[in-house]
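Colleague: One structure coming up, written as structure tokens, with questions to follow.
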Amino acid sequence: MAIETEGAWLPRASSTYAEPYDAAWNFNLWVSIFFFAIVMGPMAYFAVKYKRKSETERTSPIDHNLKLEIFWTAIPTLLLIYMFWIGFKIFANAQVAPNDAMTINVTGQMYSWKFQYPDGTTCNELGVPKGRPVKLVMSSIDTIHSFFVPEFRLKADVVPNLYTTMWFEPTKEMESVVECAEYCGTGHSTMLTRVFVMPSGDADTAGTYENWMQNGCEKTPLPPLARGQKKYTQICKSCHSLDGSRLVGPSFKGLWGRQETLANGQTITVDENYIKKSIMTPSADIVQGYPDQMPPMAYLKDQDIEGIIAFLKEQK
Numbered sequence: 001m002a003i004e005t006e007g008a009w010l011p012r013a014s015s016t017y018a019e020p021y022d023a024a025w026n027f028n029l030w031v032s033i034f035f036f037a038i039v040m041g042p043m044a045y046f047a048v049k050y051k052r053k054s055e056t057e058r059t060s061p062i063d064h065n066l067k068l069e070i071f072w073t074a075i076p077t078l079l080l081i082y083m084f085w086i087g088f089k090i091f092a093n094a095q096v097a098p099n100d101a102m103t104i105n106v107t108g109q110m111y112s113w114k115f116q117y118p119d120g121t122t123c124n125e126l127g128v129p130k131g132r133p134v135k136l137v138m139s140s141i142d143t144i145h146s147f148f149v150p151e152f153r154l155k156a157d158v159v160p161n162l163y164t165t166m167w168f169e170p171t172k173e174m175e176s177v178v179e180c181a182e183y184c185g186t187g188h189s190t191m192l193t194r195v196f197v198m199p200s201g202d203a204d205t206a207g208t209y210e211n212w213m214q215n216g217c218e219k220t221p222l223p224p225l226a227r228g229q230k231k232y233t234q235i236c237k238s239c240h241s242l243d244g245s246r247l248v249g250p251s252f253k254g255l256w257g258r259q260e261t262l263a264n265g266q267t268i269t270v271d272e273n274y275i276k277k278s279i280m281t282p283s284a285d286i287v288q289g290y291p292d293q294m295p296p297m298a299y300l301k302d303q304d305i306e307g308i309i310a311f312l313k314e315q316k
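Residue 1 is where the sequence shown starts when you use my numbering, and the numbers rise one by one after that.
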């Protein structure tokens, strides 16, 4: 996909919200041009035609014209009311997402974006299906950012300790850029990521939203502590408690840095090396009083082990 930037005045309108926005923009622009011409044109003409010919020339007094004053007050007032109504309708329609909108959680931080999809997948990029309403629920973990996609004509502040929302329905397949439109620090200009609009279809078909979610989504790795907590819940919880109670294996409460006596009588300190060894070859160093029942978990990645270590350090 190529980044879409076509458009006479603005980037190509690519959402249901963008089309009425552009219509309002064009109406306001041409009304402004028209009135600028009919005010400034005669003003320039009269300034030249009726300029003072000599130092002694005096202009005859001109009384006011009530009808003319009512006319040039009423017409702009009606136009302004109409412009306000157009803008209000667009604004109001953008505030409440349809009930069937897909919700994506957005987290802004210096200087990146993170997107969490309904199935729990977390990505560095925003991918959405064409023709389906999408609701973004946004928050920041540090300072104020602003989520902006020019082709959607949508921009909203992303604020710490507060959720802001916006919704849109993409109408054209495209690839573009999510920008931060609020200065947030020295790396503000680099706070960019890609947004893809793709057709829905089979997960095995290249170019579809489902295929992108399965294969093309650039996954955002969990922070070590969150990864460790996730792994504890998945594989450790049934044998290791967090409250000091005895299960199949030693409790994780206060385990980190503790001196432990092994079944062979040796004493070890629970540190990074011991944890990794106990995960990869658990029968090598069995804590005294506990059975040798833990299976090897060589399938775990280094990031998983680092996450478990970070999680153990927090269990005081």
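Think of the CB as a built atom: it goes at the ideal place given N, C-alpha and C, for glycine as much as any other residue.
Could you check whether residue 149 and residue 329 sit closer than 9 Å to each other, using their CB atoms as the reference points?
Modeller: The requested residue 329 is not part of the displayed model; the chain covers only 1 to 316.
Colleague: Compute the distance between the beta-carbons of residue 170 and residue 197, then report whether it is under 9 Å.
Modeller: As a first step, residue 170 is located in the sequence shown; it is residue number 170 there, counting from the start. As a first step, residue 197 is located in the sequence shown; it is residue number 197 there, counting from the start. In contact: residue 170 and residue 197 (Cβ atoms closer than 9 Å).
Colleague: Identify the residues that DSSP records as bridge partners of residue 99: which are they?
Modeller: Taking the first residue of the sequence shown as 1, we reach residue 99 at position 99. Note: residue 99 sits in no beta bridge, so no partner.
Colleague: May I have the straight-line CA-CA distance separating residue 133 from residue 254, to the nearest angstrom?
Modeller: Mapped onto the sequence shown, residue 133 falls at position 133. Mapped onto the sequence shown, residue 254 falls at position 254. Those two C-alpha atoms are separated by around 48 Å.
Colleague: Hey, could you find the ends of the beta strand (DSSP E) residue 148 is sitting in?
Modeller: In the sequence shown, the residue the question calls residue 148 occupies position 148. First-last of the beta strand (DSSP E) with residue 148: 145-149.
Colleague: Have a look at 129, 168 and 125 and flag the residue whose alpha-carbon is nearest the alpha-carbon of residue 19.
Modeller: Taking the first residue of the sequence shown as position 1, residue 19 is located at position 19. Comparing Cα positions, the closest option is 168.
Colleague: Is the beta carbon of residue 103 closer than 9 Å to that of residue 79?
Modeller: Translated into the one-based positions of the sequence shown, residue 79 becomes position 79. Translated into the one-based positions of the sequence shown, residue 103 becomes position 103. Not in contact: residue 79 and residue 103 (Cβ atoms no closer than 9 Å).
Colleague: Do you know whose CA, among 291, 264 and 23, lies nearest residue 239's CA?
Modeller: Within the sequence shown, residue 239 is the residue found at index 239, counting from 1. Checking every option, the nearest Cα to that of residue 239 belongs to 291.
Colleague: So what's residue 16 in DSSP terms, helix, strand or just coil?
Modeller: Numbered from its first residue, the sequence shown carries residue 16 at position 16. Residue state, collapsed to three classes: coil.
Colleague: Which residues bound the alpha helix (DSSP H) around residue 280?
Modeller: Numbered from 1 along the sequence shown, position 280 holds the residue referred to as residue 280. It spans 272-280 - the alpha helix (DSSP H) in which residue 280 sits, taken as one unbroken run.
Colleague: Would residue 94 and residue 166 be called neighbours here (beta carbons separated by less than 9 Å)?
Modeller: In the sequence shown, the residue the question calls residue 94 occupies position 94. In the sequence shown, the residue the question calls residue 166 occupies position 166. Against a cut-off of 9 Å, the Cβ pair of residue 166 and residue 94 comes out as a contact.
Colleague: Could you tell me which residues DSSP puts in a beta bridge with residue 213?
Modeller: Against the sequence shown, residue 213 aligns to sequence position 213. BP columns for residue 213 are empty, so no partner.
Colleague: Is residue 28 closer than 9 Å to residue 83 when the C-beta atoms are compared?
Modeller: Taking the first residue of the sequence shown as position 1, residue 83 is located at position 83. Taking the first residue of the sequence shown as position 1, residue 28 is located at position 28. Yes, these two residues count as a Cβ contact at 9 Å.
Colleague: What's the gap between the Cα of residue 318 and the Cα of residue 52?
Modeller: This structure gives no information on residue 318, because the portion of the chain shown stretches from 1 to 316.
Colleague: Alpha carbon to alpha carbon, how far is residue 248 from residue 192?
Modeller: What you label residue 248 is simply residue 248 of the sequence shown in a count that begins at 1. What you label residue 192 is simply residue 192 of the sequence shown in a count that begins at 1. Distance between the alpha carbons of residue 248 and residue 192 is about 48 Å.
Colleague: Using a Cβ-Cβ cut-off of 7 Å (strictly less than) and excluding sequence neighbours within five positions of residue 202, which residues of its own chain qualify?
Modeller: Counting from 1 along the sequence shown, the entry for residue 202 is found at position 202. Excluding positions up to five away in sequence, the list reads 208 and 210.
Colleague: Could you spell out where the alpha helix (DSSP H) holding residue 77 opens and where it closes?
Modeller: Taking the first residue of the sequence shown as position 1, residue 77 is located at position 77. Taken as a continuous stretch (DSSP letters only), the alpha helix (DSSP H) holding residue 77 covers 66-93.
Colleague: Contact defined as beta carbons within less than 8 Å: I believe residue 111 pairs with residue 16. What is the distance between those atoms, to the nearest angstrom?
Modeller: Within the sequence shown, residue 111 is the residue found at index 111, counting from 1. Within the sequence shown, residue 16 is the residue found at index 16, counting from 1. No, residue 111 and residue 16 are not in contact; Cβ-Cβ is about 30 Å, not under 8 Å.
Colleague: Quick check on residue 119: buried or exposed, where buried means 16 or more other Cβ atoms within 10 Å of its Cβ?
Modeller: Locating residue 119 in the sequence shown gives position 119, where the first residue counts as 1. Exposed, by the Cβ-count rule.
Colleague: What's the gap between the Cα of residue 264 and the Cα of residue 288?
Modeller: Stepping through the sequence shown from its first residue, residue 264 is reached at position 264. Stepping through the sequence shown from its first residue, residue 288 is reached at position 288. Approximately 8 Å, taken between the alpha carbons.
Colleague: Give a yes or no on whether 9 Å exceeds the smallest Cβ distance from residue 156 to chain C.
Modeller: The question asks about chain C, but that chain is absent: this structure has only one protein chain.
Colleague: Measure the C-alpha to C-alpha separation of residue 21 and residue 90 and round it to an integer number of angstroms.
Modeller: As a working note, residue 21 is residue 21 in the sequence shown. As a working note, residue 90 is residue 90 in the sequence shown. Straight-line Cα distance between these residues: approximately 7 Å.
Colleague: Compute the beta-carbon to beta-carbon distance between residue 309 and residue 275, rounded to the nearest angstrom, for a pair I have assumed lies under 8 Å.
Modeller: Along the sequence shown, read from residue 1 onward, the residue named residue 309 stands at position 309. Along the sequence shown, read from residue 1 onward, the residue named residue 275 stands at position 275. Right, their Cβ atoms sit about 5 Å apart.
Colleague: Alpha carbons only, please: which of 146, 162 and 163 is nearest the one belonging to residue 155?
Modeller: The residue you call residue 155 lines up with position 155 of the sequence shown. The option with the nearest alpha carbon to residue 155 is 146.
Colleague: Quick check on this structure: which residue in 205, 123, 115 and 131 has the alpha carbon closest to the alpha carbon of residue 98?
Modeller: Sequence index remark: in the sequence shown, residue 98 carries index 98 (1-based). The candidate whose alpha carbon is nearest that of residue 98 is 131.
Colleague: Please identify the residue among 180, 315 and 24 whose C-alpha is closest to the C-alpha of residue 256.
Modeller: Working through the sequence shown from its first residue, we reach residue 256 at position 256. For residue 256, the nearest C-alpha among the options comes from 315.
Colleague: How many angstroms separate the CA atom of residue 123 from the CA atom of residue 142?
Modeller: Numbered from its first residue, the sequence shown carries residue 123 at position 123. Numbered from its first residue, the sequence shown carries residue 142 at position 142. So the alpha carbons of these two residues sit roughly 19 Å apart.
Colleague: Classify residue 235 as helix, strand or coil using the three-state DSSP reduction.
Modeller: Along the sequence shown, read from residue 1 onward, the residue named residue 235 stands at position 235. DSSP places residue 235 in helix when its eight states are reduced to three.
Colleague: When you compare only the Cα positions, how much space is there between residue 10 and residue 32?
Modeller: Walking along the sequence shown from the start, residue 10 turns up at place 10. Walking along the sequence shown from the start, residue 32 turns up at place 32. Taking the straight line joining both Cα atoms gives about 18 Å.
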